[in-house]
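Right, one structure below, let's go through it.
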Amino acid sequence: MTNLTFHVGSLKHNVCRILIVWICFVMFHVPISQSSSAQPIDTQSDVASLFSLGVGFSMLVVNSLVSIYYNVIIAYSLFYMFASFQSPLPWSSCLSWVDTNCNITTTETCNITSLPAANSTRENDTCSPSTTTVIPTQSPSEQYWDQVVLQRSSGLDETGSIVWRLALCLLLAMSILAAAVIKGIKSSGKVVYFTATFPYVVILILVIRGVTLEGAADGIQFYIGSQSNFSKLAEAEVWKDAATQTFYSLSIGWGGVMTLASYNKFHNNIFLDSFVVTLANAGTSVFAGFAIFSILGHMAYVYGKNIGEVAEDGFGLVFIVYPDALSKLPIAPLWSVLFFFMLFTLGLDSQFAGIEVITTCLIDGFPKILQSRRTLITLVTCVVIFLLGLPCVTQAGIYWVTLMDQFVASWVLLVIVLVEIIGISYIYGGNRFIEDIEMMIGNKSFSFWLWWRACWFFITPCLIVVLVWSLATFVPPSYGTVEFPAWGLALGWCMAVFCIVWIPIVAVYKLIRAEGNALQRLQSVCRPSEEWHPYLEIHRGERYSEEHCCHKNTVNQSDADTNVISNSWL
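In case it helps, the working numbering puts the sequence shown at residues 26 to 595.
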C-alpha cells in the first residue's frame, strides 16, 4: 500500500484500488470454488475447458514462484526482529561495520579537488561544482541493510556466497510455516486467529505513538493528500501497480481466494464474505498508512526535510527508512521488535494460503496416491521452496527477489485474471454463472444482478487497456541505481512467459484431443466439463441432476452451435 503512495503522493492510489476491485474480483472468484468445492486446477478445468485449465496451471506456477521469494522477505523481517533485541539499535549510528560514506547527519560532504589533501563538510550550504565533487553519503540504516543484512554485491552478475544468517532466518521461517500448515486448513485455521489479529494490535499501538510525535501532522497530511498530484492517475504504472497490488493482497490471480473458498459450505453467504474481505483489506491498508506516515513525519521533522525527501518505495521503506525512523524514538528496541514481529506474522498469514494452494492442487490431482500423505506432501513442499529460495539469500539475492517480484507478480497476474474473466463471462456464460450463484444464495432480482453484470463486463476491457498501456510504457526494472543486465531482464521475461504459457498450450492440447471438424472441436472445448457440478449431490438440483447431464451430452449440433452465445452476456 505504501509503495503506491509514493508513486502518487497520497491516498489517491486507493481510489484506483476501489475502482478496480470494489468487491467485483472477490465476488467473481469465491462462487467458482465454493460451488464445486474444488481447488483452482480442477475448478478451472471443469468450468470452461478451452482456457481455464491452463489458467489453473498458471495460478499454481505463479503461486509457487511467489512463495519462493516471499519467504525470503519474511526472513528479512526475522533478521531485523532478532537484531532489535539490542540497545541501541545497531542501525542507529555508524558502528564498526560501516564504511567512510556513513553519515548520521543531514550534512553534505565535499571533496575539494583543488586541494587534494583537504576535505570539508558543509551544513546548510552547497558544494561549488567548480572546485569540489560531492561525496555520496548513506545513513546507518541504509548501510546496515546493504552491508550487514544483504551483504549486497555489485549486481546480478556477482552472485557471491550465501549469507548464512539470512539462510538460517529463512530456514526458521519455513519451519514455522510448515508446522502451521502441516494439517492443512485445520491447523493453519487455528494459527491464523493470532496472525490475523495481532498485527491490528501493533498497528493501533504504532498509530497512537506516532500521532503524539512532533512532525506527525505533516506526515499525515502528506498521506491523506495535501501534496497530491492527481496527474499521476494518467500514468499506466500507477494503474498497473494498483491492479497488481489488489490481486496480490487479496490473493486474486494465483489461487489463494479460490482454494480457501473451496472449504466454504455450499450455502455460505458469498456477498457478505466478499464485502468483509475487501473492506477489511482496504481498511487495514489505510489504517496502517497512518502508522507509517505519522512516524515518517517525525523523521522528516528530526532531519529538517520534506516527507518526500526521507521516504522511499519498495524495500527501502520497510527495511531502511522505517527502521531509521524507529531508531529515533524513545525505547526504540521495543517499537522495532513489535514492528518486525508484526511484519513476520503478516508474512506468515499470507503464506498460509500460498502453501495451501500448492499442497491442495497436488493432493487433489493425485488423490489415490497423496490423499493419505498430506503431512509428507506439506513437508516436501516446504523443503523444496526453502532450497529454491537459497539463491535469494546470496549476496546477489536482493536482485533475484526484485526481478521475480517485478515480472512474476505484476504482468502475469493481469493476464491470468483477464483470461479468467473472459473464460467465465463469455465462454461459460454470464447467465449460467449467475444461475450457479443463485443456487447457493437464492434468487435475486434482475436489477440486483445488473450491477454485477456491469462490473464484470466493464472490468475486461479495462484490464486490456491497463495491460496494453503499461506494456507500451514499460521501463526495465532496477534495484535503486543498479540496473539489471540484459540476460537478467531476458530471464525475467522468461519467468513471466513460463507462468502464462500453459494457457495457450492447454488450449491447443484440448483442441487436438477433441473430435470433429475445427468448429465442432472449438464448440466442444467451450462447453463445461461433465464434472462441473456441486460436490455434494444434494446441492445439484435439477440443473446438475444425472438426467440433465445425460441430456447435455446428447445435445444435437444445432443446440451446440447456439449454446455459447445464448449463455454469454449478450
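The beta-carbon is built from N, C-alpha and C at its ideal position, and this holds for glycine as well.
Query                                                                                                                                                                                                 : Result
Going by alpha carbons, who is nearest to Lys353 out of Cys386, Trp116, Phe110?                                                                                                                       : Trp116
Would the stretch 205-222 and the stretch 369-376 be scored as touching if the rule is three or more Cβ pairs under 8 angstroms?                                                                      : yes
Answer yes if the stretch 476-486 comes into contact with the stretch 447-461, meaning at least three C-beta pairs across the two stretches below 8 angstroms, and no otherwise.                      : yes
Thinking Tyr326 and Ile210 are a contact (beta carbons under 8 angstroms), I'd like their distance in whole angstroms, please.                                                                        : With 8 angstroms as the limit, Tyr326 and Ile210 do not qualify as a contact, their Cβ atoms being about 46 angstroms apart.
From Thr303 to Val311, what distance separates their C-alpha atoms?                                                                                                                                   : 12 angstroms
Find the nearest neighbour of Trp436 within the set Cys407, Glu562, Cys524, judged by alpha-carbon distance.                                                                                          : Cys524
Within the chosen definition, does the stretch 402-412 reach the stretch 55-63 through at least 3 CB pairs nearer than 8 angstroms?                                                                   : no
Quick one: is Phe499 buried, meaning 16 or more other Cβ sit within 10 Å of its Cβ, or exposed?                                                                                                       : exposed
Tell me the residue span of the alpha helix (DSSP H) that contains Gln246.                                                                                                                            : 241-249
DSSP three-state call for Ile441: helix, strand or coil?                                                                                                                                              : helix
Apart from the five residues just before and just after Gly281, which ones in its own chain have a Cβ nearer than 7 angstroms to its Cβ?                                                              : Ala378, Gly379, Val382
Give the range of the alpha helix (DSSP H) segment to which Gln548 is assigned.                                                                                                                       : 543-550
I want to know whether the stretch 223-234 touches the stretch 350-368 - three or more CB-CB distances under 8 angstroms.                                                                             : yes
Helix, strand or coil: how does DSSP classify Glu562 here?                                                                                                                                            : helix
Could you name the residues of the same chain whose beta carbon sits closer than 6 angstroms to that of Leu85, not counting the 5 residues immediately before and after it, in chain order?           : Cys386
Please go through the same chain and pick out, in chain order, the residues whose beta-carbon is closer than 6 angstroms to the beta-carbon of Met283, but skip the five residues on each side of it. : His54, Ser58, Pro65
Under DSSP, the alpha helix (DSSP H) around Ser287 begins and ends at which residues?                                                                                                                 : Per DSSP, Ser287 belongs to no alpha helix (DSSP H) and is neither H nor E.
Are at least three pairs of beta-carbons, each pair with one atom in the stretch 506-525 and one in the stretch 170-182, less than 8 angstroms apart?                                                 : yes
Could you please give the first and the last residue of the uninterrupted alpha helix (DSSP H) stretch that includes Ser378?                                                                          : As written in the sequence, residue 378 is Ala, which differs from the Ser given in the question. Counting along the chain, the alpha helix (DSSP H) containing Ala378 begins and ends at 357-390.
So, helix, strand or coil for Ser276, using DSSP?                                                                                                                                                     : coil
DSSP beta-bridge partners for Ser503?                                                                                                                                                                 : Glu508
Alpha carbon to alpha carbon, how far is Ile187 from Tyr400? Give it in angstroms, no decimals.                                                                                                       : Note that residue 400 corresponds to Thr in the displayed sequence, not to Tyr. One C-alpha to the other measures close to 29 angstroms.
Can the beta-carbon of Ser291 be found less than 8 angstroms from the beta-carbon of Met520?                                                                                                          : As written in the sequence, residue 291 is Phe, which differs from the Ser given in the question. Going by C-beta atoms, Phe291 is not nearer than 8 angstroms to Met520.
What is the rounded straight-line gap between the Cα of Phe219 and the Cα of Glu540?                                                                                                                  : 53 angstroms
At what residues does the alpha helix (DSSP H) containing Ser61 begin and finish?                                                                                                                     : 49-61
Quickly, what does DSSP pair Thr419 with across the bridge? List them, please.                                                                                                                        : Ile187
Leu561: buried (16+ other C-beta within 10 angstroms of its C-beta) or exposed?                                                                                                                       : exposed
Taking only the alpha-carbon atoms, compute the straight-line gap between Glu572 and Ser554 and give it to the nearest angstrom.                                                                      : Reliability fails at Glu572, whose pLDDT of 40 lies under 50, so the model's placement of it is uncertain and the value that follows must be treated cautiously. Rounded to the nearest angstrom, the two C-alpha atoms are 15 angstroms apart.
Where does Pro115 fall in DSSP's three states?                                                                                                                                                        : coil
Return the bridge partner residues of Cys127 from the DSSP annotation.                                                                                                                                : Gln163
For Ser109, which three-state DSSP category applies?                                                                                                                                                  : coil
Do you know how far the Cα of Gly329 is from the Cα of Leu13?                                                                                                                                         : Nothing in the structure corresponds to residue 13, since the chain is present only between 26 and 595.
Would you check if the distance between the CB atom of Gln431 and the CB atom of Pro502 is smaller than 8 angstroms?                                                                                  : yes
I need the straight-line Cα distance from Val426 to Gln176, nearest angstrom please.                                                                                                                  : 15 angstroms
Assuming the contact rule is C-beta atoms closer than 8 angstroms, Leu275 and Phe50 should be a hit. Round their C-beta distance to whole Å, please.                                                  : 7 angstroms
Quick one, are the C-beta atoms of Asp52 and Ser299 less than 8 angstroms apart?                                                                                                                      : One point to set straight first is that residue 52 is Met, not Asp, in the sequence displayed. Their beta carbons are under 8 angstroms apart, which means Met52 touches Ser299 by this criterion.
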